[in-house]
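Residue numbers (numbering that gives the first Met the number 0), protein chains in the order written: chain A, 0 to 496; chain B, 0 to 496. Using N, Cα and C, we set each Cβ at its ideal position, and we do this for glycine too.
There are 2 protein chains.
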Amino acid sequence: MKFKVKAMDITTGNTLVAILNSKDAAKFDLHVLDRIKIRKNRKNIEAVLDIGKSLKAIPSGSIGLFEETLEALNAKQGDIINICLAKKPLSLQYIRKKLDGGTLSKKEIEEIINDIVNNRLSSIELTYFVSACYTHALDTKETIMLVKAMVNCGSTLKLNKYPIIDKHCIGGVPGNRTTMIIVPIIAAAGLTIPKTSSRSITSPSGTADTMEVLTNVCLNLNQMKRVVNKTNGCIVWGGSLNLAPADDKIIKVERPLEINAESQFLASIMAKKMSVSSTHILIDIPVGKSAKLEGMKLAKNLKKDFIRLAKKLKRKIKVMITDGSQPIGNGIGPALEARDVLYVLQGDYRQPNDLRKKSIEMAGKILEMGKKAKPGQGKKKALEILESGQAYKKMKEIIKAQEGCITDSENIKLGRYAYDVTSKKSGRIKYIDNKIITRIARVAGAPKDKKAGIYLYNHIGDRVKKGDKLFTVYSDGKEQLKFAKEVVKESSAIVLK
Amino acid sequence: MKFKVKAMDITTGNTLVAILNSKDAAKFDLHVLDRIKIRKNRKNIEAVLDIGKSLKAIPSGSIGLFEETLEALNAKQGDIINICLAKKPLSLQYIRKKLDGGTLSKKEIEEIINDIVNNRLSSIELTYFVSACYTHALDTKETIMLVKAMVNCGSTLKLNKYPIIDKHCIGGVPGNRTTMIIVPIIAAAGLTIPKTSSRSITSPSGTADTMEVLTNVCLNLNQMKRVVNKTNGCIVWGGSLNLAPADDKIIKVERPLEINAESQFLASIMAKKMSVSSTHILIDIPVGKSAKLEGMKLAKNLKKDFIRLAKKLKRKIKVMITDGSQPIGNGIGPALEARDVLYVLQGDYRQPNDLRKKSIEMAGKILEMGKKAKPGQGKKKALEILESGQAYKKMKEIIKAQEGCITDSENIKLGRYAYDVTSKKSGRIKYIDNKIITRIARVAGAPKDKKAGIYLYNHIGDRVKKGDKLFTVYSDGKEQLKFAKEVVKESSAIVLK
C-alpha cells in the first residue's frame with residue numbers, strides 16, 4: 000500500500016509513530032497500535048500505528064509521520080512510501096502472561112526489556128507491564144533476570160579495579176546531598192567510586208543538578224572512565240550514559256498514578272549499579288512523615304529485599320535506615336546545596352551539622368566494607384580524611400577533572416531576589432514538611448534556576464522567637480518569587496509546638 | 000502564565016490535550032499528564048498536558064493545542080491564552096486504590112466513569128483502571144454500581160411498555176445474524192424489542208453493518224422511539240445513541256493486549272441493556288475451538304455470572320450456551336449475511352438451515368419469557384410466525400420505518416470480483432476455522448466494503464468431492480481479492496477428515 004508522507008510537526012519523545020485517517024485504516028483493516036512496516040527506497044522501519052479521525056489532519060492517501068519516524072526513515076513531506084502490516088511484538092504475549100499471574104522466563108524478560116529500550120511498545124502496552132509487575136510482584140528469580148536484562152540492554156562501564164564502591168539513596172528528603180561529601184572521602188581513602196547520579200524529577204535538586212553548580216556533569220563513558228582512573232571517583236549525571244536505559248522509560252508511565260512496583264524498582268537500582276561494575280553498595284533509606292517511606296515496617300522490608308537481591312547478584316551490600324523526617328542540611332536547591340557541601344568539605348563554621356554527621360557515618364560504613372578501616376573504626380577514619388582536608392583536596396581534583404572550576408563556597412551565587420519567612424510566634428520547632436519545602440523551592444525555580452531554593456535557619460527541636468527568620472526563599476525571577484510567596488502563605492512548611 | 004497558541008494539525012480522538020516544549024514545562028514545573036486550566040477570554044477548559052522535546056514542534060512561549068482542544072476553547076493559531084495548574088482528577092486515587100486491591104465505593108466508581116466519559120483520563124490512566132479491574136475482579140456489589148454508573152453517564156431510552164425484550168451475543172462466530180430474524184418474530188408476536196447492535200470491530204460484520212445493507216441504522220433516540228412505537232421493534236446502531244458510552248472508551252485500551260476484564264465486560268453489556276430499559280434479556284454464548292470461548296467450563300461460569308448479576312439488577316435473564324465451532328449461516332460479510340437473513344424470512348429454498356434453526360430456538364425462548372407461549376411451546380410459536388410470513392412482513396415494516404427499501408433478497412448485490420476455493424481432495428469436513436474465515440473476509444474488504452465476504456457451500460460433517468467448491472470469496476476491489484487469495488493460500492480455513 001502506497002501513501003504520501005505528511006510531516007507531522009510533533010515528537011513522541013520515544014516510539015516511532017505513524018498515523019492514518021480512520022477511513023484509510025478501515026479500508027486496510029488496520030487498528031490503533033497495530034505495527035506496520037514502512038519502506039522508503041531501501042530503508043525499512045517498523046512503527047506503531049495511530050489513527051486520527053480528522054481528514055484535515057491526515058487526508059486520504061496520506062500517512063502522518065512524527066519527527067522521530069521521519070528521521071528514522073530519512074523521509075520528508077510529500078515522499079511516497081510503502082506500508083504493510085507487521086507482526087505484533089512477542090513481548091505483548093509475555094506482558095499478558097505476567098498480567099495473568101504467570102512467571103516469566105529469562106527469554107521473555109529479555110524480549111520485553113529489549114522492546115522497551117528500543118521503543119517498540121506503546122505507552123498503553125508499557126502501562127500493562129508496569130501494572131502486571133505491580134499486582135503480581137516479580138519473584139527473586141524474575142527480578143534477577145530483569146536486572147541482568149536491563150544491564151545487557153545498555154552501556155556498561157568496565158574498570159580494572161576491585162572493590163568498586165557505589166551508594167544510593169531512595170530519595171524523598173530535600174537537601175540530602177551526602178554523595179558529594181562521601182565520594183571525595185572514599186576516593187581520598189584510595190577506593191574506587193564511579194558515582195552516577197540523577198537529575199531531579201520532582202525534588203528541588205538531584206545530586207547531578209547540585210554537582211553541576213561546581214562542574215560539568217555531562218560526561219560520556221570514556222570521559223567518566225578517565226576521571227575515575229585519575230582521581231578514584233567522579234560525580235556525573237547518569238542520564239547521558241545509557242546505563243540500564245529501560246528504567247527511564249518505565250518511570251514515565253509510573254508517574255501518573257505514582258505507582259512503584261517494588262520488585263521492578265529494586266531491579267532498576269541494582270541494574271544501574273551493575274552497569275558501572277559496582278561490587279560494594281551502600282543504600283540509604285530515609286524514613287519519616289512526608290518522606291518517601293513513612294513507616295519503619297516498609298523500610299525494614301525494603302532493606303531485607305535489597306539484601307536478598309544483592310546476595311543473589313553476588314554484590315556486597317549494606318542498607319541504612321536513616322531519619323527522613325525533615326530536610327538534611329540548610330540549603331535546598333542546587334546552588335544552596337552545593338554551598339553546604341563545600342562548607343562541610345572546607346570546614347567552614349557555617350557547615351550544617353546534620354549533613355556532615357550523616358555523611359561521615361555513611362562514609363565510615365563504606366570504608367569498613369572496602370577494608371580501609373576495621374569494623375567500628377570507619378567513622379573515625381572518615382572524620383580524619385575530612386578534617387585533614389584530604390577530602391576537600393580530592394573534591395577539587397574531581398571538579399577539575401570533570402572540567403569545572405567552582406571549588407570555593409564563596410564563589411557560589413544565590414538568587415537575586417530573596418524573601419524572608421519569619422516566625423509568627425515563639426516556640427520549639429515540631430515539624431518541617433519535606434513536601435511543602437520541596438514545592439516552595441520548585442515554584443521559586445529550582446532546579447532549573449540553579450540559584451533558586453530555600454535556606455533553612457533551624458531544624459526540628461530548635462527554639463525560635465516570634466519574628467525570628469525561619470527560612471529565606473531565593474530566586475532569580477521576580478515573578479517566581481511571588482509565586483513561591485503565595486505557596487508559603489497558603490501552606491505550613493514549619494510547625495511550632 | 001501566558002502562551003501563544005500553536006494549532007496542532009492533529010486530533011486525539013478523545014481527550015483534550017495541550018502540549019508544551021520540555022524547557023517551558025520545566026520552567027513552570029509542569030509534567031506529562033498534569034492537568035492544566037486554559038483560559039481564553041471568558042472561556043475555561045481543563046486539558047491534559049503533554050510535553051514535547053522538539054523546539055521546532057513547539058517553540059518557547061507557545062502551547063500546542065490539538066484540534067479538540069482548539070474547538071473546546073474556540074481558539075486559533077496565534078491567540079494568547081492563560082494557563083495554570085489544575086488539580087489531578089480524584090478518580091486517579093480511586094484507580095490506584097483498586098490497583099492496590101481495594102474495594103470501590105459507589106461515589107468512587109461514579110467519579111471514575113464520569114471522568115472516563117468526559118475524556119478526563121489519559122490512555123495510560125485508563126489502562127491502569129482496566130488492569131486493576133482485570134487483576135482484582137470487581138465483586139458483585141461493585142459490578143452493580145459500575146452498571147448503574149455507566150447507565151447514568153449516558154442517554155437512556157424510556158418506553159412506556161412491559162416487558163421490554165433484549166438479546167445479546169458475546170460474539171466471535173462469523174455470520175451469526177440471528178438478531179435480524181429474532182427481532183421481527185418477537186415484534187410480530189406483539190412484544191417490544193428495541194434492539195441496538197454494534198458495528199464490527201474485528202469481525203467480518205456486526206449486526207449494525209449487516210442491517211445497514213437493507214436500511215438506515217443511524218437513528219437518534221427519538222427516531223428509534225418512533226420506530227419502536229410504530230412496529231414494536233427496531234435494529235439500529237448503538238454507537239450513535241450515547242448509551243453507556245464509557246464502554247467504547249474502555250474497549251480502546253483493551254484491544255492492544257486483548258484484555259477482557261470479565262466483571263467489567265458483564266457490566267458493559269448489562270449497562271447497554273438497561274440504557275434501553277430492557278426487562279427480559281436472552282444471552283447467547285457460543286462455545287467452540289476458534290470461538291471467543293473455547294471451553295465449556297468458562298462458558299458455564301460466565302452464564303452463572305450473568306444470571307447472578309441480572310438477578311441483582313432485577314432483570315429477567317436466560318442464558319444459552321450454543322455451538323460456536325463454525326460459522327452460522329452460509330454468507331459472511333454484510334451483504335451476504337443480509338441475503339441469508341432475507342432467505343430465511345422469505346422462506347427461500349436457499350436459506351441456511353443452521354441460522355434458521357438457531358433463530359427459531361432463541362425466539363422461542365424469548366416468547367416463553369415474554370409469556371407469548373407456554374413453557375415448551377415457544378419454538379412452535381416462533382416457527383408459526385416465521386412460516387406464516389408474519390415475521391417477514393414485520394421486517395419489511397421495520398426496514399421501512401427506519402427509512403430503507405431493500406426487502407427482497409434478489410435486490411442484494413455482491414462484490415464484482417469473486418474467487419472460488421475448491422477442495423483438493425474428497426472427504427468429510429472436520430473443521431472450519433472462525434478466525435481464518437474472518438481474516439479472509441476482512442482482507443477481501445468486509446465490513447467496509449459491504450459486498451465483500453465469503454459464501455460457504457458446506458458445514459462441518461458435510462461430504463465433499465475433490466474439485467467441489469468449498470467457498471467463494473467476493474470483493475468489490477480487484478486488489479483486495481488478490482490479498483484475500485494470498486490469505487486463503489497460506490492458511491487452512493477448512494480442514495477435511
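Please report the straight-line C-alpha distance between residue i and residue j, rounded to a whole angstrom.
| i | j | result |
| --- | --- | --- |
| residue 440/B | residue 119/A | 29 Å |
| residue 129/A | residue 406/A | 43 Å |
| residue 394/A | residue 414/A | 25 Å |
| residue 418/B | residue 480/B | 8 Å |
| residue 55/A | residue 19/A | 11 Å |
| residue 61/A | residue 472/B | 29 Å |
| residue 336/A | residue 134/B | 44 Å |
| residue 477/A | residue 435/A | 20 Å |
| residue 258/B | residue 342/A | 57 Å |
| residue 240/B | residue 447/A | 49 Å |
| residue 252/B | residue 178/B | 28 Å |
| residue 207/A | residue 96/A | 38 Å |
| residue 30/A | residue 50/A | 7 Å |
Could you confirm whether any beta carbon from chain B is found closer than 9 Å to the beta carbon of residue i?
| i | result |
| --- | --- |
| residue 255/A | yes |
| residue 28/A | yes |
| residue 238/A | no |
| residue 435/A | no |
| residue 111/A | no |
| residue 441/A | yes |
| residue 62/A | no |
| residue 91/A | yes |
| residue 298/A | no |
| residue 8/A | yes |
| residue 480/A | no |
| residue 55/A | yes |
| residue 95/A | yes |
| residue 423/A | no |
If I follow the unbroken alpha helix (DSSP H) through residue i, where does it start and stop?
| i | result |
| --- | --- |
| residue 9/A | Looking at the DSSP string, residue 9/A is not in any alpha helix (DSSP H), and its letter there is neither H nor E. |
| residue 432/A | Looking at the DSSP string, residue 432/A is not in any alpha helix (DSSP H), and its letter there is neither H nor E. |
| residue 109/B | 105-116 |
| residue 25/B | 21-26 |
| residue 133/B | 122-134 |
Give me the Cβ distance between residue i and residue j, rounded to the nearest whole Å; I'm assuming they're in contact under 8 Å.
| i | j | result |
| --- | --- | --- |
| residue 170/A | residue 288/A | About 16 Å; that fails the 8 Å criterion. |
| residue 74/A | residue 4/A | 5 Å |
| residue 220/A | residue 121/A | In fact, because the Cβ distance is near 30 Å, the residues do not count as touching under 8 Å. |
| residue 223/A | residue 283/A | Residue 223/A to residue 283/A, Cβ: 22 Å. No contact. |
| residue 46/B | residue 37/B | 6 Å |
| residue 131/B | residue 68/B | The pair is not a contact, with the Cβ atoms about 28 Å apart (cut-off 8 Å). |
I'd like to know whether the C-beta of residue i is nearer than 9 Å to at least one C-beta of chain A.
| i | result |
| --- | --- |
| residue 4/B | no |
| residue 130/B | yes |
| residue 412/B | no |
| residue 483/B | no |
| residue 490/B | no |
| residue 136/B | no |
| residue 502/B | Nothing about residue 502/B can be read from this structure; chain B reaches only from 0 to 496. |
| residue 69/B | no |
| residue 74/B | no |
Quickly, what does DSSP pair residue i with across the bridge? List them, please.
| i | result |
| --- | --- |
| residue 319/B | 283/B |
| residue 83/B | 36/B |
| residue 193/A | 233/A |
| residue 463/A | 426/A |
| residue 458/A | DSSP, once it has assigned bridges, lists no residue as partnering residue 458/A. |
| residue 330/A | 454/A |
I need the boundaries of the beta strand (DSSP E) containing residue i, first residue and last residue.
| i | result |
| --- | --- |
| residue 418/A | 416-421 |
| residue 300/B | Note, residue 300/B: premise wrong, no beta strand (DSSP E); alpha helix (DSSP H) at 295-311. |
| residue 46/B | 42-51 |
| residue 64/A | 61-64 |
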